[in-house]
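Residue numbers for the sequence shown follow the working numbering, so the first one is 302 and each next one is one higher. Every residue gets a Cβ at the ideal spot worked out from N, C-alpha and C, and that includes glycine. Please read these numbers as outputs of a predicted model, since none were measured by experiment.
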Amino acid sequence: MPMIRALQLLADRQVELIERAPPPPPGADEVQLRVRAVGLNHIDVWGFRGMAFAKRLYPLSVGAEAACEVIATGPGVTHVQPGDHVVPYAALTCGTCPACQRGRDNLCENVGGVRGFHIDGFAQDITNHPARLLVKIPDGVDMRDAACVAVAYGTVEHMLFDNAQLEPEEWVLVHAGGSGIGSIAIRIAKALGCTVITTVGSDEKAEKARALGADHVINYRTERFEGVVRKLTRKKGVDVVFEHTGADTWAGSLLSMRRGGRLVTCGATSGPVGSLNLMQLFQQQYRIIGSFGAPLSALGRALDRIGSGVRPVIDTEYGLADFQAGIARLEGRDVFGKLLVTL
Ligand SMILES: [Zn+2]
């Protein structure tokens, strides 16, 4: 078999496009995938920079989020066949612990690592993956859109519905509306019939956020967002806050909620420490929900939602060799929507 291309992390901040031998034929309950597109996320930035506590061995291929075509199936695989388009789950969950059994895959007690971060990832032409950890891409859904599902779109789906239980006509505050997940959250909430307030860091992004459907856009560099939110909601506050920016916005996010509001968070890009006034927490009856990743079921719903027209926003597509340019733009927050690497 000819060699395949793989984008490998050789050391912290050192990525190289290499040629390597293809993986062996798929084993029992395994499939072989041809990777078509890889979505970039903040986990790739952390992986690229290196994290002292992450247990991993170099070299490893980067890329946690992908859309692929099945090219071969191992013994015992019946639910997918060659030619199927699939989204592989990023984490190698065990499938047998109580959380996995209950369909709470992202609470798995025995995760064997996240692909592209702890273990070999998807930025390579061909790779093998457990058949159990695949979600079929419905007909009519573009591979590039599907490549935004395993991490970004799935995370948003899980945050808004499983966790925040967002309902039509509610008010939502979405932070960093230009980010990969922020832009998806705006589209989903608008499609549901919610009123969306979003924060952005530049006037240029404000225009784009309005074009996406956001009802109110706040440039957080020039205005205190919590004051604007209170004004817009006639001092009531929003029903749901979509948090992922952390330290810079945390206090204001809590002040932006109505009594009984829900804050759901999956990130802390501006810093991990925020304070909490416990009086405010119980008197206002807030619900604060941490969210990380998504169960397989949320990925399936995300793909169906894309099929119904609620597509992710794709900023730029890169070739394999330009991965690092994409990482630099993510680090600098110089992006509106998702960045992809297509193979
Ligand atoms: Zn498990």
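Linking R535 to D516 through their CA atoms gives a straight-line distance of about 15 Å. The Cβ-Cβ distance between M304 and E320 falls below 8 Å. Under the three-state reduction of DSSP output, Q586 falls in the coil class, being neither helix nor strand. Put simply, the backbone Cα of E410 is about 44 Å away from that of D504. If only uninterrupted beta strand (DSSP E) runs of at least 3 residues are considered, those enclosed by the region 302-378 are 305-312, 315-321, 331-340, 366-374.
Remark: C-beta atoms of R445 and A338 approach each other more closely than 8 Å.
V336 is a Cβ neighbour of D426, given a cutoff of 8 Å. Restricted to the region 480-526, the beta strand (DSSP E) segments that are unbroken, complete and at least 3 residues in length are 496-501, 517-520, listed in chain order.
Cβ contact annotation for H545 (same chain, cutoff 8 Å, sequence separation greater than five): H476, A477, S480, I482, G483, T566, C567, G568, A569, T570, in chain order. As the crow flies, the alpha-carbon of H419 is around 21 Å from that of A322. Rounded to whole angstroms, V412 and V381 show a C-alpha spacing of 23 Å. Short note on A400: C-beta closer than 7 Å to some heavy atom of ligand 1. A residue is called buried when at least 16 other Cβ atoms come within 10 angstroms of its Cβ; P431 meets this threshold and is buried. Within its own chain, the residues whose Cβ lies closer than 7 Å to the Cβ of C369, once the five positions on either side in sequence are excluded, are L334, R335, V336, R337, V387, P389, listed in chain order. The Cβ-Cβ distance between G375 and D421 does not fall below 8 Å. Three or more beta-carbon pairs separated by less than 8 Å are not found between the region 599-610 and the region 578-585, which leaves the two stretches without contact. Placement of the Cβ of N342 at a distance of 7 Å or more from every heavy atom of ligand 1 is found.
Ligand 1 has no heavy atom closer than 7 Å to the beta-carbon of N407.
Following the DSSP letters along the chain, one finds R563 inside the beta strand (DSSP E) bounded by residues 558-566. Excluding residues up to 5 positions away in sequence, E366, V388, A391 lie with their Cβ nearer than 6 Å to the Cβ of A451 in the same chain.
E618: member of the beta strand (DSSP E) spanning 615-619, first to last residue.
Between E468 and the set I519, I438, R563, K537, the nearest pair of CA atoms involves R563. Taking C-beta atoms under 8 Å as the contact rule, L513 and A486 fail to qualify, at a distance of about 10 Å. Contact between the region 495-502 and the region 514-533 is present, with at least three C-beta pairs closer than 8 Å.
In terms of Cβ geometry, R488 and V611 form a close pair [threshold 8 Å].
E524 counts as exposed, since fewer than 16 other beta carbons sit within 10 angstroms of its beta carbon. At a Cβ-Cβ threshold of 8 Å, P573 and A552 do not count as neighbours.
Residue nearest to V529 within the set L474, A492, C401 is L474 (criterion: CA-CA distance). For T397, the shortest C-beta to heavy atom distance toward ligand 1 is below 7 Å. By the 16-neighbour rule on beta-carbons within 10 angstroms, S609 is exposed.
With fewer than 16 other beta carbons inside 10 angstroms of its own, E508 counts as exposed. Approximately 6 Å separates the beta-carbon atoms of G404 and P596; this is inside 8 Å, confirming the contact.
Counting along the chain, no alpha helix (DSSP H) covers P469, and no H or E run does either. The alpha-carbon separation between L640 and I628 amounts to approximately 9 Å.
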